[in-house]
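*Asks:* For the sequence shown, numbering that gives the first Met the number 0 assigns the number 0 to the initial residue and increments by one for each residue that follows.
The structure follows.
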Amino acid sequence: MPEKKQNTKSAILTPDALAVEIKNGALGSYIFFGEEDYLKTHYRDEIYKSIMEEGFEIFNYFPISFSPAVQTKEEAMSRLADAVQAIPMMQDKKLIVASDLALASLSKDLLDALAVSLRRANESDDTVCILYCRADELEADYKFETSALYKKLSSSAKLVQFDLQPRGKLISWTKRHFTKETVLMTDEAAGALVDLAAGRMTPLSFEIEKLICYAKYVKGGEPPRIEYEDVIKIAVPSEQDEVPFAMLNAAQSWKLTEILAVFNTAREKREEPIVVLAGLSRILLDMLMIKTASEAALSASEIAKVMKMKDFRVTKYLSSIAKVPLSVIENAVRLAYETDLALKSTPQDPWLLLDTLAVKIYAPKSLRSAESVTASPKI
Numbered sequence: 000m001p002e003k004k005q006n007t008k009s010a011i012l013t014p015d016a017l018a019v020e021i022k023n024g025a026l027g028s029y030i031f032f033g034e035e036d037y038l039k040t041h042y043r044d045e046i047y048k049s050i051m052e053e054g055f056e057i058f059n060y061f062p063i064s065f066s067p068a069v070q071t072k073e074e075a076m077s078r079l080a081d082a083v084q085a086i087p088m089m090q091d092k093k094l095i096v097a098s099d100l101a102l103a104s105l106s107k108d109l110l111d112a113l114a115v116s117l118r119r120a121n122e123s124d125d126t127v128c129i130l131y132c133r134a135d136e137l138e139a140d141y142k143f144e145t146s147a148l149y150k151k152l153s154s155s156a157k158l159v160q161f162d163l164q165p166r167g168k169l170i171s172w173t174k175r176h177f178t179k180e181t182v183l184m185t186d187e188a189a190g191a192l193v194d195l196a197a198g199r200m201t202p203l204s205f206e207i208e209k210l211i212c213y214a215k216y217v218k219g220g221e222p223p224r225i226e227y228e229d230v231i232k233i234a235v236p237s238e239q240d241e242v243p244f245a246m247l248n249a250a251q252s253w254k255l256t257e258i259l260a261v262f263n264t265a266r267e268k269r270e271e272p273i274v275v276l277a278g279l280s281r282i283l284l285d286m287l288m289i290k291t292a293s294e295a296a297l298s299a300s301e302i303a304k305v306m307k308m309k310d311f312r313v314t315k316y317l318s319s320i321a322k323v324p325l326s327v328i329e330n331a332v333r334l335a336y337e338t339d340l341a342l343k344s345t346p347q348d349p350w351l352l353l354d355t356l357a358v359k360i361y362a363p364k365s366l367r368s369a370e371s372v373t374a375s376p377k378i
């Protein structure tokens, strides 16, 4: 593995500073921590997009979970070490994302092993390694920068802190989303939405999507407008709704990176893989029924009536599958069924099975040609 001179700078980076590094070509090890998980995910995805060549994710992307539901910490640490040593295939860099690791719970030996892997990745010319820490996995109070843990981590990787954003900044961010979709929104409505989401960008982003759909397909108007009353009526932030709503958006986008990001979020939230698969399977079945009905010349309103679904939901489904061949959707349903059988009958890593399913369904090659899905290997 090629090596470069180690970066020993220990100052904690801001998200803005990280953005500059991504623009200039991110390289080495990063530790993401802090309370704002949405921004962590956003910048992880930006790094992914800056590195990954289309179609080579299966060779150059290494998601490693330290969750005991997946594997032991020792096994995960061994996988991390192996991933750092791996050589990128058909592109210049590889990406490693390690998650589900509470650093305070690590033994000295495991913490030392982690530091070694991070340092080796940081010295590499072909590796970006992200240690993705949820807020409760690396608590950084005012004493953090004087701690032994900080000293060990900062000598091995670049730390990036993601704090909750100021209310005013979130209001502006919210309104930009509505403006982009040609939907007007009052300041009062934007403030109420930010408050309902408790100032956290993940639930806020989901509620923004709901309200945009409501404004366009239910309320209407030229242009549609969201008032305070609409926010109170429609927006009901719920921790339990985050993964299902994100799953629907990702599935309808037909983008591999988005569905993998949802799987990662579900894994971070300790969701059961079988439940995650059930949610995706339900969406794929809806797609299949709506596509079949559409090809039988049923209108959106007729499909909505038959399926007992809101008109705007059917319209969104139709838009997402307009250019997707029926055979691709049929194949996706079949693959989901086979994955369900594998989850229930084999000892394989359940999250690896889900990631493999995502690649088989959402890899760009699968979408470009219906022929490419007729000979998909069994899981």
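C-beta: ideal position from N, C-alpha, C; glycine also.
Looking at the unbroken beta strand (DSSP E) that takes in F32, where does it start and where does it end?
*Replies:* Segment 27-32, the beta strand (DSSP E) holding F32.
*Asks:* To the nearest angstrom, how far is the alpha carbon of R224 from that of K232?
*Replies:* So the alpha carbons of these two residues sit roughly 14 Å apart.
*Asks:* Enumerate, from N- to C-terminal direction, the unbroken alpha helix (DSSP H) stretches of 4 or more residues contained entirely within the region 153-231.
*Replies:* 166-179, 186-195, 200-213, all fully within the region 153-231.
*Asks:* If distances are taken between C-alpha atoms only, which option among D111, I282, Q160 comes closest to Y29?
*Replies:* Of D111, I282, Q160, the residue nearest in Cα terms is Q160.
*Asks:* Quick test of the definition: if touching needs 3 or more C-beta pairs under 8 Å, does the region 246-256 touch the region 213-222?
*Replies:* No: fewer than three Cβ pairs fall under 8 Å.
*Asks:* Taking all protein chains shown into account, do 16 or more other C-beta atoms lie within 10 angstroms of the C-beta of V275, making it buried, or fewer, making it exposed?
*Replies:* So V275 ends up on the buried side.
*Asks:* Given a cut-off of 8 Å, decide if S64 and R266 are closer than it, judged by their beta-carbon atoms.
*Replies:* Yes, the pair counts as a contact, with Cβ atoms nearer than the cut-off.
*Asks:* Using a 10 Å radius around the Cβ and a threshold of 16 neighbouring Cβ atoms, would you call K4 buried or exposed?
*Replies:* Reliability of the predicted coordinates at K4 is poor, the pLDDT of 44 falling under 50, and no value is obtained from them.
*Asks:* Taking Cβ to Cβ, would you say I46 is nearer than 8 Å to V127?
*Replies:* It is a contact, given that the beta carbons lie within the stated cut-off.
*Asks:* According to DSSP, simplified to helix, strand and coil, what is Y131?
*Replies:* Of the three classes helix, strand and coil, the one that applies to Y131 here is strand, per DSSP.
*Asks:* Tell me which same chain residues have a C-beta within less than 6 Å of the C-beta of S319, skipping the five on either side of it?
*Replies:* Within the same chain, S319 has close Cβ partners Q251.
*Asks:* If you reduce the DSSP assignment to three classes, tell me which class V313 lands in.
*Replies:* It is helical.
*Asks:* Anyone know if the C-beta pair for I379 and V323 falls short of 8 Å?
*Replies:* The structure shown has nothing for residue 379, since the chain only spans 0 to 378.
*Asks:* For a test of the three-state rule: what should DSSP assign to Q239, helix, strand or coil?
*Replies:* Because the pLDDT at Q239 is just 45, under 50, the model does not fix this residue reliably, and the value given afterwards should be weighed accordingly. If DSSP states are grouped into helix, strand and coil, Q239 belongs with the helices.
*Asks:* Quick one: residues in its chain with C-beta nearer than 6 Å to the C-beta of S66, no 5 flanking neighbours on either side, listed in chain order?
*Replies:* Cβ neighbours of S66 beyond the five flanking positions: D99.
*Asks:* So the candidates are L158, K151, A299; which of them puts its Cα closest to the Cα of L129?
*Replies:* What sits at residue 129 in the sequence shown is Ile, not Leu. If we check each option's Cα against that of I129, L158 comes out closest.
*Asks:* For a test of the three-state rule: what should DSSP assign to Y141, helix, strand or coil?
*Replies:* Of the three classes helix, strand and coil, the one that applies to Y141 here is coil, per DSSP.
*Asks:* Keeping to the same chain, check which residues put their C-beta closer than 7 Å to that of A101; ignore five residues upstream and five downstream.
*Replies:* Contacts found: E136.
*Asks:* In whole angstroms, what separates the C-alpha of K304 from that of L334?
*Replies:* Computed Cα separation, rounded: 28 Å.
*Asks:* In whole angstroms, what is the alpha-carbon distance linking N23 and L12?
*Replies:* Taking the straight line from one Cα to the other gives about 15 Å.
*Asks:* Counting C-beta neighbours from all protein chains within 10 Å, is the total for L255 16 or more, i.e. buried, or is it exposed?
*Replies:* Buried.
*Asks:* With three or more beta-carbon pairs closer than 8 Å as the criterion, would you say the region 114-127 touches the region 74-93?
*Replies:* Judged by Cβ distances under 8 Å, the region 114-127 makes contact with the region 74-93, as three or more pairs qualify.
*Asks:* Over what stretch of residues does the alpha helix (DSSP H) that includes P349 continue unbroken?
*Replies:* It spans 349-361 - the alpha helix (DSSP H) in which P349 sits, taken as one unbroken run.
*Asks:* Use the C-beta contact count for Y141: other C-beta atoms within 10 angstroms, 16 or more gives buried, fewer gives exposed.
*Replies:* It is exposed - the Cβ of Y141 has fewer than 16 other Cβ atoms within 10 Å.
*Asks:* Going by DSSP, what residue range makes up the beta strand (DSSP E) through P324?
*Replies:* Segment: none, P324 is in no beta strand (DSSP E) and carries neither H nor E.
*Asks:* Please report the straight-line C-alpha distance between S237 and P202, rounded to a whole angstrom.
*Replies:* Any reading at S237 needs caution, since the residue's pLDDT is 47, under 50, leaving its predicted position unreliable; the model's value is listed next. Between S237 and P202, the C-alpha separation is close to 7 Å.
*Asks:* Decide if G27 is buried, meaning its Cβ has at least 16 other Cβ atoms within 10 Å, or exposed.
*Replies:* The residue is buried, with at least 16 neighbouring Cβ atoms inside 10 Å.
*Asks:* CB of Y141 to nearest heavy atom of the ligand GTP: below 7 Å?
*Replies:* Annotation note on the ligand GTP: not contained in the displayed structure, which lists no ligands.
*Asks:* Alpha carbon to alpha carbon, how far is K179 from D310? Give it in angstroms, no decimals.
*Replies:* Each residue's Cα considered, the two are about 23 Å apart.
*Asks:* For G33, is the classification buried or exposed, using 16 other Cβ atoms within 10 angstroms of its Cβ as the cut-off for buried?
*Replies:* The residue in question, G33, is buried, as its Cβ has 16 or more Cβ neighbours within 10 Å.
*Asks:* Determine the DSSP secondary structure at P272, reduced to helix, strand or coil.
*Replies:* P272: helix per DSSP, three-state reduction.
*Asks:* Find out if the Cβ-Cβ distance for the pair T291, L325 is shorter than 8 Å.
*Replies:* Contact flag set, yes.
*Asks:* In the DSSP output, what is P62 paired with across the bridge?
*Replies:* Answer by DSSP bridge pairing, in chain order: V96.
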